[in-house]
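K.L.:
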Amino acid sequence: MNKELKLAEELIDFIYDSPTNFHVVNNLKSYLQKSGFKELKEEEKWNLKLGGKYFVIKNNSAIIAFIASKEDVIKNGFKIIGTHTDSPGFKIKPNADIISEKYVKLNTEVYGGPILNTWFDRPLSIAGRVILKSENVMKPEIKFININRPILIIPNLAIHMNRNVNKGVDINRQKDVLPLLSVINKNVEENNYLLNILEEELKVNKEDILDFDLFLYEFEKGKIIGNNKEFISSAKLDDLSMVFSGIKALTSINNPKSTDLIVCFDNEEVGSRTKQGADSPMLSSILERIIIAFDGSREDYFRALSKSFVISADMAHAVHPNNLEKTDPTNRPVINGGPVIKISASQTYTSDAITSAIFEQICNLADIPVQKFVNRSDQRGGSTIGPILTSYLDINSVDIGTSILAMHSIRELGGVKDNVYALKSFQQFYEL
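With full-length UniProt numbering, letter number 395 in the sequence shown gets 395, and the count goes up by one each step, no holes.
#1: Work out the CA separation of lysine 424 and residue 475 for me, nearest whole Å.
#2: Output needed for lysine 229: all residues of its chain with C-beta closer than 7 Å, excluding positions within five of it in sequence on either side, in chain order.
#3: Please give me, in chain order, every unbroken run of the alpha helix (DSSP H) with length at least 4 that falls completely inside the stretch 41 to 109.
#4: Measure how close the beta-carbons of alanine 68 and leucine 40 come, nearest whole angstrom, since I'm counting them as under 8 Å.
#5: Buried or exposed: which applies to arginine 376, given that a residue is buried once 16 or more other Cβ atoms fall within 10 Å of its Cβ?
#6: According to DSSP, isoleucine 404 sits in a beta bridge with which residue or residues?
#7: Looking at the unbroken beta strand (DSSP E) that takes in leucine 283, where does it start and where does it end?
#8: Identify whether tyrosine 217 lies in helix, strand or coil by the three-state DSSP scheme.
#9: Which value, in whole angstroms, describes the spacing of the CA atoms of aspartate 17 and histidine 23?
#10: Taking the alpha-carbon of asparagine 2 as reference, which of Gln428, Tyr430, Asp97 and Val420 has the nearest alpha-carbon?
#11: Using a Cβ-Cβ cut-off of 6 Å (strictly less than) and excluding sequence neighbours within five positions of serine 383, which residues of its own chain qualify?
#12: Taking its Cβ as the centre, do 16 or more other Cβ atoms sit within 10 Å of glycine 36, making it buried, or is it exposed?
#13: Measure the C-alpha to C-alpha separation of aspartate 170 and lysine 105 and round it to an integer number of angstroms.
#14: Helix, strand or coil: how does DSSP classify isoleucine 335 here?
#15: Less than 7 Å between C-beta atoms, sequence neighbours within five positions excluded: which residues of the same chain meet that for leucine 202?
#16: How is lysine 326 classed by DSSP in three states: helix, strand or coil?
#17: If you check the beta carbons only, do lysine 236 and glycine 77 fall under 8 Å apart?
#18: Rounded to the nearest angstrom, what separates lysine 257 and alanine 249 at their Cα positions?
#19: Which first and last residues belong to the alpha helix (DSSP H) in which asparagine 205 is found?
#20: Determine the direct distance from the alpha carbon of asparagine 164 to that of tyrosine 103, and round the result to whole angstroms.
#21: For threonine 85, which option in Leu432, Leu240, Lys167 and Gln371 has the closest C-alpha, if you only look at C-alpha atoms?
#22: On a CA-only basis, which of Ala127, Ala293, Asn27 and Ile115 is nearest leucine 198? Give me that one, please.
#23: Counting only the same chain and skipping the five closest in sequence on each side, list residues whose C-beta sits under 6 Å from that of leucine 365.
#24: DSSP three-state label for lysine 223, please.
#25: Return helix, strand or coil for alanine 127, following the three-state DSSP convention.
#26: Quick one: give me the first and last residue of the beta strand (DSSP E) that threonine 259 is part of.
#27: Distance, Cα to Cα, glutamate 412 vs glutamate 299?
#28: Does the stretch 150 to 165 touch the stretch 132 to 140, meaning 3 or more C-beta pairs lie closer than 8 Å?
#29: Rounded to whole angstroms, how far is the Cβ of serine 312 from the Cβ of aspartate 399, which I believe are closer than 8 Å?
#30: If you run the structure through DSSP and keep just helix, strand and coil, what is leucine 152?
#31: Tell me whether valine 169 sits in a helix, a strand or coil according to DSSP, three-state version.
#32: Between the Cα of tyrosine 193 and the Cα atoms of Gly338, Asp97, Asn117 and Leu287, which residue gives the shortest distance?
#33: Report the CB separation of glutamine 276 from serine 61 in whole angstroms; it is logged as a contact under 8 Å.
#34: Would you grab the beta carbon distance between leucine 180 and leucine 152 for me? Rounded to a whole angstrom, and I think it's under 8 Å.
#35: Kindly indicate which residue of Lys223, Arg380, Pro369 and Asp378 has the alpha-carbon position closest to the one of alanine 8.
#36: Pull up the distance between the alpha-carbon of lysine 372 and that of isoleucine 64, whole angstroms please.
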């Protein structure tokens, strides 16, 4: 297996082992610790060393990792890659069991903006975190769970009962997408189906279960596909491919001139307005604490910001071969065509001529191709964490991503070469 395919398989394994934002962060924690990074706690005093490698976790679902510059943290500023750990899908509601005829369904709520019809007729499972009683009321016990077997499915209605299904139908989020869990078994207690599963999986008493944050995920693992093995077909490429590349890049760097940092926020898909989201003090507080730990003042903090740069790394849209008219006439990224600089006159992306030029030169130094994306002028595009960060952090920023098809589908399509290009561009950025 060549290096490109090996890296693609690593990405697929990382995504499959990270079915929820909590698992993403827990896996990153293990990876960082093996790479010599030390965990910092928010409630403790930080004693940092020049050249030290550290990470901080927020709410089990967001993480910031950094390498402190050996030269001068204040003088050389920060090089930051911003990503997010969450993906669109379904979250399980409290009191989730619903008995319908002889079936057991789970009550769910749509999280973010998934393409709903792609979730039908797929083997699904459950993962997340479960909160248990402990001796300290203010610090309940937290357990991560991944059931890791196909136990759910959202069945389609037969075409004989829905003759217009191929012309497009409206999907009701409360009625049509509730996953089927089981058929009622007289030998099983006819309530608390989900709690019984959690009790068995975690080997705890269900009376000790206080609450949970549980999500559905596609059970089938991603694959490398295409006639020349050029595509990656997988769930959660948005945005775990950028998380993967950013972490790989950071852990490959030694003795950076600036303080190199990656931040993996949560809740980007629902607006980022949480304590662990981009629209929170999480990043700014940690940046300032780094400066303080090296005896810097608040003025030093602002001086460092003025010399810093953010790459807001999220996915980009590739031109769709069956829908060419949906893409801008002159800016048409393709899969495996290199990282994409995302530009918007409305500033839903932060890229401007200066920051775009900087990133383009980074790609040139890394000897990789680079592309640009602008929405059609008659279509409203999405946004990223970039504009949120720069609304309260005085830092130059560019929005980039690798191009994919079927964004927000249960299974997105990206490129094997783009996975390599992203890593190389991030490594080059950190090494400047």
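Just so it is clear, CB atoms sit at the ideal spot from N, CA and C, and this is done for glycine as well.
P.N.:
In short:
#1: As displayed, the chain neither begins before 1 nor continues past 432, which places residue 475 out of reach and without an answer.
#2: Leu5 and Val416
#3: 73 to 76
#4: About 11 Å; that fails the 8 Å criterion.
#5: exposed
#6: His317
#7: That residue, leucine 283, is in no beta strand (DSSP E); its alpha helix (DSSP H) goes 282 to 293.
#8: strand
#9: 7 Å
#10: Val420
#11: Thr348
#12: exposed
#13: 21 Å
#14: coil
#15: Val130, Lys143 and Ile145
#16: helix
#17: no
#18: 15 Å
#19: Taken as a continuous stretch (DSSP letters only), asparagine 205 belongs to no alpha helix (DSSP H), as it is neither H nor E.
#20: 26 Å
#21: Leu240
#22: Ala127
#23: Gln428
#24: strand
#25: strand
#26: 259 to 265
#27: 45 Å
#28: no
#29: 5 Å
#30: strand
#31: coil
#32: Asp97
#33: 6 Å
#34: 7 Å
#35: Lys223
#36: 28 Å
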